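Asks:
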Amino acid sequence: MKTITKLYFVLFINITVYFGSFTNLYGQVEAIPLSDNKAIAIDSKVLKEQRSIWIHFPVSYNTSNKRYPVLYLLDGEGHFKYVSELTDYLSGYDRNRAPEMIVVGIVNVSRSRDFTPGKENNNASDTTGNSKFFQFVQDELVPYIDQNYKTQPYRILSAHSLAGLFGLYAQARNPHLFRASVLISPVVLYGETRDILNQYQAALRKNKNISEKIFITLGDEDTRNTDALKNVLTSDASSGINWKFQKYNDENHFSVTYKSIFDGLKFIYSNWFIDNYNPTIQSYSELQSHFNKLTDEFGYKVVPPEELVNNLGYRQLRSGNTEEAIIFFKENIRNYPNSWNAYDSLGETCLKKGDKKSAIENYKKSVNINPDNKDGKEILKQLEN
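Here full-length UniProt numbering is used: the first residue of the sequence shown is 1, the next is one more, and so on.
1) State the Cα-Cα distance for the pair LEU183 and GLY78, rounded to the nearest angstrom.
2) Enumerate in chain order the residues of its own chain whose CB-to-CB distance from LYS374 is below 8 Å, with the five nearest sequence positions on each side excluded.
3) Taking the continuous alpha helix (DSSP H) assigned at ARG51, which residues delimit it?
4) What are the complete alpha helix (DSSP H) segments, minimum 4 residues, inside the region 140–224?
5) Grouping DSSP H, G and I as helix and E and B as strand, with all else coil, what is LYS374?
6) VAL367 lies in the beta strand (DSSP E); which residues open and close that run?
7) Just to confirm the assignment, what range does the beta strand (DSSP E) spanning ASN341 have?
8) DSSP three-state call for ASN252: helix, strand or coil?
9) DSSP on LEU308, reduced to helix/strand/coil?
10) Tell whether a beta-carbon distance below 8 Å holds between ASN108 and ASP146.
11) Less than 7 Å between C-beta atoms, sequence neighbours within five positions excluded: which residues of the same chain meet that for LYS364?
12) Pick out whichever of ASN148, SER158 and GLY240 has its Cα sitting closest to the Cα of residue 394.
13) Using the Cα positions of GLU140 and GLY92, report the straight-line distance between them to the nearest angstrom.
14) Quick check on SER285: does DSSP put it in helix, strand or coil?
15) On the CB-based measure, 16 or more other CB atoms within 10 Å of its CB, does ALA172 come out buried or exposed?
16) Sort GLY320, ILE196, SER319 and ASN311 by Cα distance to PHE329 and report the nearest one.
17) Would you mind working out which of LEU90, LYS353, ALA41 and GLN152 sits nearest residue 402, comparing C-alpha positions?
18) Going by C-alpha distance, which of PRO175, LEU218 and ARG179 is nearest LYS206?
19) May I ask you to list the residues that DSSP assigns as paired with LYS38?
Here it is as structure tokens:
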């Protein structure tokens, strides 16, 4: 039986943050939910201030050597809790609609300063703008996350409302920083200007080899911003940019976020799904073919989940296909060499095949990794007597 041990990070923080002209959107910062989460503070040399970052770790993070894609949340304090729960839900074995991922929520200090090119409230001392915030994200935050946590080189940006303007700016500055974006009711026409949208359009025309996924949404609200963005994408997006627009007439500007991120992740990972309860896969080579396609699509090696391979192996074993079951379990060990459960499953299969020597060898490896594997210890004791 496979077990998962959760490591809980406890870091109590009191945060009082005052916002500028967009306080009505995210006016109060709640304490970080303390589960599989961690709060850190980065002393930004670029911004010359300390920034609070909230990090959510997937269920398997502390019991696996896997690396994970990262979802970066702007307006982190407003979305962190439900998005963390949502990513765990979609990646659960029963759903299997997306991979497990790390969620990084960037807590606001000043939305209008960080997400726009202009000064906030004509404050002469507030001159950093989106350029400085972009440098913080690209040169300080992302490297810190990649150096300190088990990440894959696949980053998703979620940006709502005014943050959508920064999302376009970030893609114009560095199209390789984020491989996918969920732009929720994005503001792309800031004031009376199209400056950021024009920069983004120029970047689209220049970078024709970019591979990116973009999910754009809108509630029951004015369509001028999304119409302008759709026109730019229709005229200038290369074939490598896969984008979709979704309008939710039953949601407003504020309630549209949940559905947007849920559907956005499903769009980004539209080819991910395998029905774990009704699989048509009969061989490991068929399974590997599916994950080879995912590897090509996402640009890093995607290996089949341990639990899926284990269950498919037992399906073969119950059907009498012992040799194919052994292939499944051996591949699981190759992908997860520190899994006591993978060795235990292979030991059981070798025993049913009549290969006592291999059964003993694998049960020994299983109990060495996990001394609490009482069933494995008992079987090993019987085999060695």
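Glycine included, every Cβ here is placed at the ideal spot set by N, Cα and C.
Computed from a predicted model, the values in this text were never measured in an experiment.
Replies: Answer, in terms of the structure:
1) Taking the first residue of the sequence shown as 1, we reach residue 183 at position 183. Taking the first residue of the sequence shown as 1, we reach residue 78 at position 78. When rounded, the distance between both Cα atoms is 15 Å.
2) Locating residue 374 in the sequence shown gives position 374, where the first residue counts as 1. Here the set comprises nothing.
3) Locating residue 51 in the sequence shown gives position 51, where the first residue counts as 1. Careful: ARG51 lies outside any alpha helix (DSSP H), inside the beta strand (DSSP E) at 49–56.
4) 142–148, 162–173 and 195–206
5) Mapped onto the sequence shown, residue 374 falls at position 374. If DSSP states are grouped into helix, strand and coil, LYS374 belongs with the helices.
6) Along the sequence shown, read from residue 1 onward, the residue named residue 367 stands at position 367. Unbroken run through VAL367 is the alpha helix (DSSP H), 356–369; no beta strand (DSSP E).
7) Here residue 341 is taken as the residue at index 341 of the sequence shown, counted from 1. Here ASN341 belongs to no beta strand (DSSP E); instead the alpha helix (DSSP H) covers 340–353.
8) Along the sequence shown, read from residue 1 onward, the residue named residue 252 stands at position 252. Residue state, collapsed to three classes: coil.
9) Here residue 308 corresponds to residue number 308 of the sequence shown, with the count starting at 1. Here LEU308 sits in helix by DSSP.
10) In the sequence shown, the residue the question calls residue 108 occupies position 108. In the sequence shown, the residue the question calls residue 146 occupies position 146. Going by C-beta atoms, ASN108 is not nearer than 8 Å to ASP146.
11) In the sequence shown, counting from the first residue as 1, residue 364 sits at position 364. The residues are LEU380.
12) Residue 394 is absent from the structure shown; the chain starts at 1 and stops at 385.
13) Working through the sequence shown from its first residue, we reach residue 140 at position 140. Working through the sequence shown from its first residue, we reach residue 92 at position 92. In a straight line, the C-alpha of GLU140 is about 31 Å away from that of GLY92.
14) Locating residue 285 in the sequence shown gives position 285, where the first residue counts as 1. Note: SER285 maps to helix in three-state DSSP.
15) As a first step, residue 172 is located in the sequence shown; it is residue number 172 there, counting from the start. Buried is the call here.
16) Position 329 of the sequence shown, counted from the start, is the residue given in the question as residue 329. Out of GLY320, ILE196, SER319 and ASN311, ASN311 has the C-alpha closest to the C-alpha of PHE329.
17) Residue 402 lies beyond the stretch modelled for the chain, which goes from 1 to 385, so this question has no answer here.
18) One-based indexing of the sequence shown puts residue 206 at position 206. For the residues PRO175, LEU218 and ARG179, the minimum Cα distance to LYS206 belongs to PRO175.
19) In the sequence shown, the residue the question calls residue 38 occupies position 38. DSSP output for LYS38 lists ILE55 as bridge partner(s).
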